[in-house]
Every structure is written in structure tokens, then in C-alpha cells.
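Read the structure below first, then the notes.
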Amino acid sequence: MYIWQKSDWPHFRYDSKTLGPLLKQVRLLQGKLTGHAEHLNHQGALETQINTLVQEAIQTSAIEGETLNVSSVRSSAARRLGLDNSGIEPGSEGTDQLVAMLADAVAQVDTPLTQQTLFDWQASLFPTRPLFMPKEAIIGGLREDQPDHPMVVASRRGSREIIHFEAPSSDLLPYEVNAFLNWFNHESQDIDGLLRAALAHLWLITLHPFSDGNGRVTRAVADRALAQDEHNSVRFYSMSAAIMRHRSSYYDALESTQKGSLEVTAWLQWFLKVLAEAVQRSIAQFQRTLDKARFWQVFQDVGLNDRQCKVINRLFDAAPDEFEHGINAGKYKSIASTSKATATRDLAALVELGCLVQLPGGGRSTRYDLNLDLAGVK
45 MYIWQKSDWP
55 HFRYDSKTLG
65 PLLKQVRLLQ
75 GKLTGHAEHL
85 NHQGALETQI
95 NTLVQEAIQT
105 SAIEGETLNV
115 SSVRSSAARR
125 LGLDNSGIEP
135 GSEGTDQLVA
145 MLADAVAQVD
155 TPLTQQTLFD
165 WQASLFPTRP
175 LFMPKEAIIG
185 GLREDQPDHP
195 MVVASRRGSR
205 EIIHFEAPSS
215 DLLPYEVNAF
225 LNWFNHESQD
235 IDGLLRAALA
245 HLWLITLHPF
255 SDGNGRVTRA
265 VADRALAQDE
275 HNSVRFYSMS
285 AAIMRHRSSY
295 YDALESTQKG
305 SLEVTAWLQW
315 FLKVLAEAVQ
325 RSIAQFQRTL
335 DKARFWQVFQ
345 DVGLNDRQCK
355 VINRLFDAAP
365 DEFEHGINAG
375 KYKSIASTSK
385 ATATRDLAAL
395 VELGCLVQLP
405 GGGRSTRYDL
415 NLDLAGVK
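All you need for my numbering is the position in the sequence shown, starting with 1, plus 44.
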């Protein structure tokens, strides 16, 4: 029996005392993130929003096994937020509509969520009908199950199909979706905003109201709930990127919850932990942005060549764990598209100038990292 078949559905229960420390942790991180954001100038804030929107589009698609063209997504995001996207390839219709949907999800925080909004978001995921989509699948409306073919979440292990979850039948959806929307727009206003986002995520993905696109629409709804909680349509972290890093446990957490009782503390804990990670990584990226600005204030006039500037900017702009152990001559050669001898000379000059520091070790394995302790640099 699934949770939607329980007699007390959808009356979720949870242990507030258990969740208290996690809620406090996330609130503290949110405050810290807001503090970092206030140090950004207008251009920096827009660029950060673009990066967040790009990450959200790429990762919410990746969770579903779909790989997007990063340049196309970035072009769509730049155009959506009004930044110059010249010099990069134009966005596709698909990335334009996906980005527009994700931006709309958090832009209208005071607008009630409606059934038509959900329909429009789902339709935006399929601007042209995919070849793999069954002819009976509905775009822009609630799914309609075929006789003896319920909506299931399944995987294959060899020749055996494994059913992870069976959704409510389509004849129940008009009532169930309306009940969800009434809760989201009205009845949930007294619930802690972070828990409300987690519950909305669980509730809507359990209904699985569409023929396809349920995960992406659900994560957009959860993002709206988070934006409403923060009273801010400007997003500086990507929840989908954090979920993607824990994709396996995401599906495990959903499956165990959907097969359990209406006591959903474990799901809420999972959601809050991943949310905390998303905000923490954004804080680290903000710090990186501030470090980069300070770095170039110090070194803008020391005469670095184009190769050196390219590599340094790459180190600053990389994902938090991409260069966790620094960079060696081989990696420098690859990024700068130069020879090993030139890479070695460039690195030595960067150390001499104080731009980089040599990490412990030596020989062929010598590695270098950015010098962020600039107090003594002249």
C-alpha cells in the first residue's frame, strides 16, 4: 500500500523536535548567504543569478537522465535575465522554454499556484513532441491512464521490471490536484516555509499528475515554495544541483516514504540536509567571487599574459571540488593550450609574483593553488 492509499492521506505527520536543529542550521546558512549577496554589485548579482539558473536547468534535467547543451542554456538564461549573450550560440526553443519555466516558478512569489500554471510548466518541457513519447501521452494537461496500465515508476534489472511506485489513477487526479493546490495556496501558510517546500515536493511527486515531466515540475513547485519562504524571487542556490549530487538517495528517500506511513520526518530530514548543502555550496561560491575580485585588485597591473589570466580565472570559476588539490603543470598546459615548458615557466612566474602558492610535495607532482592570503603581497 502506498501513502496515497492510506485512510489518513494526505495528513502528513512529523516530529518537530527532531527537525528543529536542522531547521536552525538552514536558517543560519540562509542568513549568511544573504549577507554575502549584499556585497555583490548589480552586475555580479545578475551573473550569479544566471549561473544559478543555468545550474538549475542543467541539473533538474540531468536528474531525469537528460543532458542539455550548456552554451544553449546559458544563452537562454542570459536573454531571460536581460544580459548580453552575444558571442555565444543562441538558445534552442527547448532551453528557452525550460529556462522561462524555471524563472517563472520563482518570479511570481505572490501569485497563487493554479492548475493552468502547472499545465503550462509541463507543456514548456515539450515544445515539440519527443519521438519517444507514446501517442496517448498528454502535454499540457493531466494524464489519462490507459486501461490496465497505471502510472508507475519502474526500472529494469536485466529482463525483470521493478516497480518502485504506483501513482493514483488518473480518475482521482482532478480532486487530488485541487486538494494539493488548495493546501499550497491557503492551508499551508502556517507551516514552516522550509517544511512546506519539502511537503509540497513529496505531495506533488506522489500524485505524478502528468504523462511526463513530473520531477521537473515538482522541483519547480518546491523552488517556488522556497522563494515564498525567503520573500525573494532572486535565487542564489540550486536545489536541483544538490539533489543531483545525491540522486540515488533522492529516489531511495522518495520510494521509502511513498511506501511508508504518513509520518514523514525522515523525508523532511533528507530534504533539509540537501537544502543545507545547496546553500553552503552557494556561500562557498560567493566567497570565491569576492576572493576573485580582491585578487584582481591586487594583481591587475603586474603584467600577466593571456595564458596566466585564463588559468587563474578558470581556477576561480571552477566548481568547489574541481581543483581541490590544486593544479600541476600538466593541467596548466591543458587549460592554457600551451607546451609543458611554457606551462612550467608560467607557473614559476606566478609563484614569484605571489599569485600562486606551491603546495607541499615536489618534482613531477608539484601542485599549485591560488594565493588568497594577500595581506603581504605588494
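In this text, a Cβ means the ideal position worked out from N, Cα and C, and glycines have one as well.
Simplified DSSP assignment, three categories, for residue i
{"i": "E210", "result": "strand"}
{"i": "E188", "result": "coil"}
{"i": "A198", "result": "strand"}
{"i": "R204", "result": "strand"}
{"i": "H290", "result": "coil"}
{"i": "E307", "result": "strand"}
{"i": "Q49", "result": "helix"}
{"i": "Q402", "result": "strand"}
{"i": "R57", "result": "strand"}
{"i": "D413", "result": "strand"}
Within 7 Å, strictly: CB atoms of residue i and residue j
{"i": "A269", "j": "A310", "result": "no"}
{"i": "H55", "j": "L251", "result": "no"}
{"i": "A122", "j": "V143", "result": "no"}
{"i": "R124", "j": "V98", "result": "no"}
{"i": "F228", "j": "A244", "result": "yes"}
{"i": "S168", "j": "M145", "result": "yes"}
{"i": "L90", "j": "L67", "result": "no"}
{"i": "H208", "j": "E299", "result": "yes"}
{"i": "R187", "j": "S214", "result": "yes"}
{"i": "I287", "j": "V318", "result": "yes"}
{"i": "F360", "j": "K375", "result": "no"}
{"i": "V221", "j": "P253", "result": "yes"}
{"i": "V308", "j": "Y58", "result": "yes"}
8 Å contact criterion, which residue i and residue j should meet: CB distance rounded
{"i": "L312", "j": "L63", "result": "6 Å"}
{"i": "G304", "j": "I47", "result": "7 Å"}
{"i": "L400", "j": "L414", "result": "6 Å"}
{"i": "A181", "j": "S292", "result": "Contact doesn't hold; Cβ gap of about 27 Å is too wide."}
{"i": "Q352", "j": "L394", "result": "6 Å"}
{"i": "Q69", "j": "A320", "result": "6 Å"}
{"i": "P171", "j": "G135", "result": "12 Å between Cβ atoms; not a contact."}
{"i": "A285", "j": "Q103", "result": "4 Å"}
{"i": "S409", "j": "N372", "result": "7 Å"}
Give a yes or no on contact between the region 164-178 and the region 196-205, applying the rule of three or more CB pairs nearer than 8 Å. no
Whether or not the region 273-281 and the region 222-234 are in contact is what I'm after, with contact meaning three or more pairs of Cβ atoms, one per stretch, closer than 8 Å; do they touch? no
For the region 258-278 against the region 149-163, are there 3 or more C-beta pairs whose distance is under 8 Å? yes
I'd like to know if the region 341-348 and the region 369-384 are in contact, where contact means that at least 3 CB-CB pairs between them fall below 8 Å. no
Three CB pairs or more closer than 8 Å across the region 73-86 and the region 328-341: yes
How do the region 101-111 and the region 253-267 stand: do at least 3 beta-carbon pairs fall below 8 Å, yes or no? yes
Entirely within the region 214-267 and at least 4 residues each: give me those alpha helix (DSSP H) ranges in chain order. 217-226 and 237-251
Which runs of the alpha helix (DSSP H) spanning at least 4 residues fall entirely within the region 78-109, listed in chain order? 86-107
Curious, which full-length alpha helix (DSSP H) runs of at least 4 residues does the region 325-375 contain? 350-361
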